[in-house]
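Residue numbers (the numbering used here), protein chains in the order written: chain S, 12 to 617; chain F, 103 to 263. Note that CB positions come from ideal geometry on N, CA and C, so glycine has one too. Below: the structure, in structure tokens.
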Amino acid sequence: MTKVFIGMGTCGLATGAGEVKIAVEKWAAAHSAAIQITRTGCIGYCKAEPIMDVVADSGHRVSYGNVTPEVAGFILDEALIRKNYKLDGLLGQFSNGKAPLPGIPLIDEHPYFRKQVKYVLRNCGVIDPESIADYRSHGGFKGLERAMGMGPQDVVQEITRSGLRGRGGSGFLAGKKWELAQASKGDKKYVICNADEGDPGAFMDRSILEGDTYSVLEGMIIAGYAIGADEGIIYCRAEYPLAIERINKAIDVMKAEGILGKPMKSGFTFALRVKKGAGAFVCGEETALMASVEGRRGMPRPRPPYPAVSGLFQKPTIVNNVETMANASHIMREGAESFAAMGTQNSKGTKVFALTGKIANPGLVEVPMGITLREIVFDIGGGIPGGKAFKAVQIGGPSGGCIPAEHLDIKIDYESLKSVGAIMGSGGLVVMDEDTCMVDMARYFTAFITSESCGKCIPCREGTQRLYEILDSIVSPYAKMADEEENLLRFNRVLNMEGLAQVIKDTSLCGLGQSAPNPVLSTLRFFRREYEAHIYDRKCPAHQCKGLLTYTIDTNACTGCTLCAKKCPTSAIVGEKKKAHYIVDEKCIRCGTCQDVCRFSAVSVS
Amino acid sequence: METKQYAKPVEEVIAKYPKSREHLISILQEVQAEYGYLSRDSINRISDYLSLPSSKIFGVATFYNQFKLKAPGRIQISMCRGTACHVKGSLNLLDTCRQMLGIEVGETSKDGLFSMETVACLGCCSIAPAMMVNGRFFGRLDKKKVEYLLDTWRASGRVEE
Chain S
12 MTKVFIGMGT CGLATGAGEV KIAVEKWAAA HSAAIQITRT GCIGYCKAEP
62 IMDVVADSGH RVSYGNVTPE VAGFILDEAL IRKNYKLDGL LGQFSNGKAP
112 LPGIPLIDEH PYFRKQVKYV LRNCGVIDPE SIADYRSHGG FKGLERAMGM
162 GPQDVVQEIT RSGLRGRGGS GFLAGKKWEL AQASKGDKKY VICNADEGDP
212 GAFMDRSILE GDTYSVLEGM IIAGYAIGAD EGIIYCRAEY PLAIERINKA
262 IDVMKAEGIL GKPMKSGFTF ALRVKKGAGA FVCGEETALM ASVEGRRGMP
312 RPRPPYPAVS GLFQKPTIVN NVETMANASH IMREGAESFA AMGTQNSKGT
362 KVFALTGKIA NPGLVEVPMG ITLREIVFDI GGGIPGGKAF KAVQIGGPSG
412 GCIPAEHLDI KIDYESLKSV GAIMGSGGLV VMDEDTCMVD MARYFTAFIT
462 SESCGKCIPC REGTQRLYEI LDSIVSPYAK MADEEENLLR FNRVLNMEGL
512 AQVIKDTSLC GLGQSAPNPV LSTLRFFRRE YEAHIYDRKC PAHQCKGLLT
562 YTIDTNACTG CTLCAKKCPT SAIVGEKKKA HYIVDEKCIR CGTCQDVCRF
612 SAVSVS
Chain F
103 METKQYAKPV EEVIAKYPKS REHLISILQE VQAEYGYLSR DSINRISDYL
153 SLPSSKIFGV ATFYNQFKLK APGRIQISMC RGTACHVKGS LNLLDTCRQM
203 LGIEVGETSK DGLFSMETVA CLGCCSIAPA MMVNGRFFGR LDKKKVEYLL
253 DTWRASGRVE E
């Protein structure tokens with residue numbers, strides 16, 4: 012039977028993978044061909060979604076990108092009937108141990124994949140995430156088997172030796188955390204997998220959960236065995252319906268197969284369940300997450316006691332990120348050495364990043380630690396589209412910082428990133444070009460934190476609010492300010508901004524507050540000029556801050572076609588037909604519609 | 103989410119959950135899935151069921167972004183305000199929706215057709231800017247596409263599956 016693989020993660024579905032599947036089914040019916048369609052997760056090259064792979068009779072699997080329903084039929088015609096694989100949208104063929112098809116490049120040689128090392132993501136986009144048999148045939152549950160053959164102590168040792176650090180953000184040694192929980196005495200212990208991926212601009216965990224569901228669950232069972240827990244909880248965002256559906260299916264299958272809910276050979280029994288999050292960024296913090304699982308408001312509490320000693324329902328608990336859990340299952344299968352062989356002295360293994368923003372090839376990339384930022388942005392990501400200049404990347408989301416062009420050659424590892432005021436974070440990497448205003452970015456992140464602060468401790472609740480007000484006043488037009496005194500106060504606040512940020516950092520209760528001022532501090536550090544341009548010159552160099560923009564119509568270029576006047580939502584454009592038009596500044600809301608609709612490029616902004 | 107014509111009573115919806123606080127969030131999610139929002143009456147009934155003060159339930163319901171205390175429209179727009187979408191101009195798209203629908207974020211249009219909210223991140227950053235409408239994802243948006251979609255939905259009164 013002919014096999015066809017279609018990438019049907021959330022991104023794939025949003026770009027029309029569902030329609031492609033229907034087209035393939037129609038084609039099969041029309042040609043009375045038996046085609047087995049496998050829905051895979053995300054392979055990471057999101058730019059080319061929807062992606063479809065066709066398996067030739069010879070067993071070679073060839074991948075095509077940007078497949079529309081019409082193109083799908085054409086590809087099947089050519090590849091299956093005429094045996095012609097060299098088609099538009101060709102990404103490459105998978106290596107399968109046999110001699111490759113002549114004239115078709117290997118997908119590993121594709122510029123997007125060449126520098127990537129697939130450790131955690133090895134199965135994503137390759138296997139059917141809903142098939143336990145497919146997972147098994149790709150080495151699934153070998154890690155669990157090996158763990159069962161060792162004592163819990165040895166499992167913890169193995170994880171410690173691998174040098175795996177928590178992939179959720181803090182970078183705490185996973186083995187150390189497990190060791191603490193193992194040493195804690197208690198009749199009941201819990202394993203929690205943190206899949207509350209709240210960082211705006213990050214989707215690594217979603218992709219792993221959707222594309223290789225079983226590897227995460229296997230990692231959790233191994234963790235449970237290692238620390239002596241009998242219950243695991245996956246705390247997953249409600250915004251990831253597909254991931255939740257797949258986890259639930261996988262749990263049911265594992266129950267039916269006796270992996271969950273029944274004693275295994277060693278007598279160890281484990282149960283798993285999903286807890287849907289309800290949308291609160293702070294629940295990514297482990298103590299807040301546990302409060303949420305207990306059915307309360309997700310507010311953090313001071314540590315110690317650490318969760319490993321007293322966590323969920325006051326029982327010893329470990330909380331690990333999705334990527335950490337998936338890594339653990341691969342480490343147990345392949346041994347600590349192969350993992351520790353990758354990366355740098357203190358940061359071992361690989362890291363998955365969600366590469367987004369102003370970049371030619373957005374998507375999911377997995378790179379070995381120690382790779383430079385330049386390689387990620389330019390070699391893998393393909394640089395900045397539209398011939399624009401690179402400005403910075405924001406790494407680590409609202410808790411992280413920005414890295415400007417002069418530090419492009421920085422190595423990606425926990426310590427190096429810290430040295431420039433950024434953090435590894437969970438893996439969001441948002442690329443910004445010359446059109447991005449850094450003050451606006453800082454304001455954006457601060458607004459996010461302000462609305463997500465749980466309100467428990469004062470520095471975070473009040474401090475971030477004040478910080479936001481200061482940033483907002485920087486980007487607001489002066490005319491709206493009440494009087495001279497107000498203006499002076501404004502300057503005064505701007506001067507105090509850095510101090511305020513430091514106070515929030517030093518005195519907040521949890522990681523959310525302590526890292527909340529990072530975007531402000533790091534943009535201040537690298538882009539002070541831009542702040543000064545906003546404050547002293549009342550200009551936004553990137554033309555992003557609406558309050559500081561002025562739209563004008565070039566009277567020479569304007570033909571008086573009246574299009575802009577018709578489209579203007581506030582009727583701020585006046586002028587007679589066939590004569591130059593004018594913008595009434597007081598009425599203008601800076602929506603930019605006139606600039607978009609003008610066919611003569613007569614509208615300029617400054 | 104279409105409002106179901108014969109919605110089950112709250113007690114029936116939540117009967118499968120044990121009466122312990124641990125399940126409060128799941129219960130609220132289940133009730134919201136059934137009714138589209140959490141009414142004052144539903145909260146009181148949940149309070150009776152769990153023997154937990156309504157104030158505590160209200161506290162939890164207002165803490166999390168997911169819970170709505172007002173009835174949403176038949177077409178629920180969730181505009182993504184994640185970093186990647188922000189960099190790619192989701193704020194302008196939000197303005198477009200605002201202007202076309204005549205409602206603010208968190209409001210429902212008078213005819214009960216549209217409601218609009220923002221979400222922190224939908225997790226499809228690679229196809230930014232994105233929005234979710236009645237559980238369906240729409241990516242690589244621009245002003246024209248949003249205008250087209252809104253017009254289509256307004257004319258047909260529904261979002262195709």
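Separation of residue j from residue i, as counted between CA atoms
{"i": "residue 342 of chain S", "j": "residue 537 of chain S", "result": "39 Å"}
{"i": "residue 552 of chain S", "j": "residue 443 of chain S", "result": "14 Å"}
{"i": "residue 417 of chain S", "j": "residue 376 of chain S", "result": "23 Å"}
{"i": "residue 142 of chain F", "j": "residue 456 of chain S", "result": "34 Å"}
{"i": "residue 626 of chain S", "j": "residue 167 of chain S", "result": "Residue numbering for chain S in the displayed model covers 12 to 617; residue 626 of chain S lies beyond these limits and cannot be assessed."}
{"i": "residue 574 of chain S", "j": "residue 249 of chain F", "result": "18 Å"}
{"i": "residue 242 of chain S", "j": "residue 158 of chain F", "result": "27 Å"}
{"i": "residue 52 of chain S", "j": "residue 20 of chain S", "result": "5 Å"}
{"i": "residue 458 of chain S", "j": "residue 71 of chain S", "result": "50 Å"}
{"i": "residue 544 of chain S", "j": "residue 550 of chain S", "result": "6 Å"}
{"i": "residue 137 of chain S", "j": "residue 54 of chain S", "result": "7 Å"}
{"i": "residue 388 of chain S", "j": "residue 219 of chain F", "result": "33 Å"}
{"i": "residue 43 of chain S", "j": "residue 245 of chain F", "result": "43 Å"}
{"i": "residue 232 of chain S", "j": "residue 310 of chain S", "result": "28 Å"}
{"i": "residue 179 of chain S", "j": "residue 546 of chain S", "result": "36 Å"}
Residue(s) in a DSSP beta bridge with residue i
{"i": "residue 247 of chain S", "result": "S:206, S:287"}
{"i": "residue 594 of chain S", "result": "S:584"}
{"i": "residue 182 of chain F", "result": "F:221"}
{"i": "residue 153 of chain S", "result": "Answer is none; residue 153 of chain S lacks a bridge partner."}
{"i": "residue 20 of chain S", "result": "Answer is none; residue 20 of chain S lacks a bridge partner."}
{"i": "residue 72 of chain S", "result": "S:66"}
{"i": "residue 329 of chain S", "result": "S:202"}
{"i": "residue 615 of chain S", "result": "S:563"}
{"i": "residue 406 of chain S", "result": "S:412, S:440"}
{"i": "residue 177 of chain F", "result": "F:216"}
{"i": "residue 354 of chain S", "result": "S:359"}
{"i": "residue 242 of chain S", "result": "S:201, S:282"}
{"i": "residue 379 of chain S", "result": "S:361"}
Where the alpha helix (DSSP H) containing residue i begins and where it ends
{"i": "residue 439 of chain S", "result": "Counting along the chain, residue 439 of chain S falls outside any alpha helix (DSSP H), though it belongs to the beta strand (DSSP E) covering 439-444."}
{"i": "residue 569 of chain S", "result": "Per DSSP, residue 569 of chain S belongs to no alpha helix (DSSP H) and is neither H nor E."}
{"i": "residue 165 of chain F", "result": "156-165"}
{"i": "residue 151 of chain F", "result": "142-152"}
Host beta strand (DSSP E) of residue i (start-end)
{"i": "residue 233 of chain F", "result": "233-235"}
{"i": "residue 102 of chain S", "result": "101-104"}
{"i": "residue 47 of chain S", "result": "46-51"}
{"i": "residue 365 of chain S", "result": "361-368"}
Chain F within 8 Å of residue i, Cβ atoms only
{"i": "residue 634 of chain S", "result": "Because chain S here runs from 12 to 617, residue 634 of chain S falls outside it and cannot be looked at."}
{"i": "residue 471 of chain S", "result": "no"}
{"i": "residue 405 of chain S", "result": "yes"}
{"i": "residue 142 of chain S", "result": "no"}
{"i": "residue 24 of chain S", "result": "yes"}
{"i": "residue 580 of chain S", "result": "yes"}
{"i": "residue 251 of chain S", "result": "yes"}
{"i": "residue 287 of chain S", "result": "yes"}
{"i": "residue 443 of chain S", "result": "yes"}
{"i": "residue 455 of chain S", "result": "yes"}
{"i": "residue 408 of chain S", "result": "yes"}
Min CB distance residue i to chain S below 8 Å
{"i": "residue 217 of chain F", "result": "no"}
{"i": "residue 254 of chain F", "result": "no"}
{"i": "residue 123 of chain F", "result": "yes"}
{"i": "residue 178 of chain F", "result": "no"}
{"i": "residue 192 of chain F", "result": "no"}
_Selection of the region 145-175 of chain F by Cβ proximity to chain S, strictly under 8 Å_ = Against chain S - using a Cβ distance shorter than 8 Å - the residues of the region 145-175 of chain F are 161, 162, 165, 166, 167, 168, 169.
*Determine which residues of the region 195-222 of chain F have a Cβ less than 7 Å from any Cβ of chain S, and write them out in chain order.*
197, 201, 221, 222
*asked:* Short of 8 Å Cβ to Cβ, which residues in the region 92-124 of chain S face chain F?
replied: none
*Check each residue of the region 127-141 of chain F: if its Cβ is closer than 8 Å to any Cβ of chain S, include it; give the result in chain order.*
Under the 8 Å Cβ criterion, the region 127-141 of chain F contributes 127, 128, 130, 131.
_Under 7 Å (Cβ pairs) to chain F, residues found in the region 356-382 of chain S_ = Listed by position along the chain: 365, 367, 368, 369, 373, 374.
_Residues of the region 263-297 of chain S with Cβ closer than 7 Å to any Cβ of chain F, in chain order_ = 287, 289, 290, 291, 292
*Can you list, in chain order, the residues of the region 230-260 of chain F whose Cβ is nearer than 9 Å to any Cβ on chain S?*
230, 232, 234, 237, 238, 239, 240, 241, 242, 245
_Interface residues of the region 18-42 of chain S facing chain F [CB-CB below 7 Å]_ = 21, 22, 24, 25, 26
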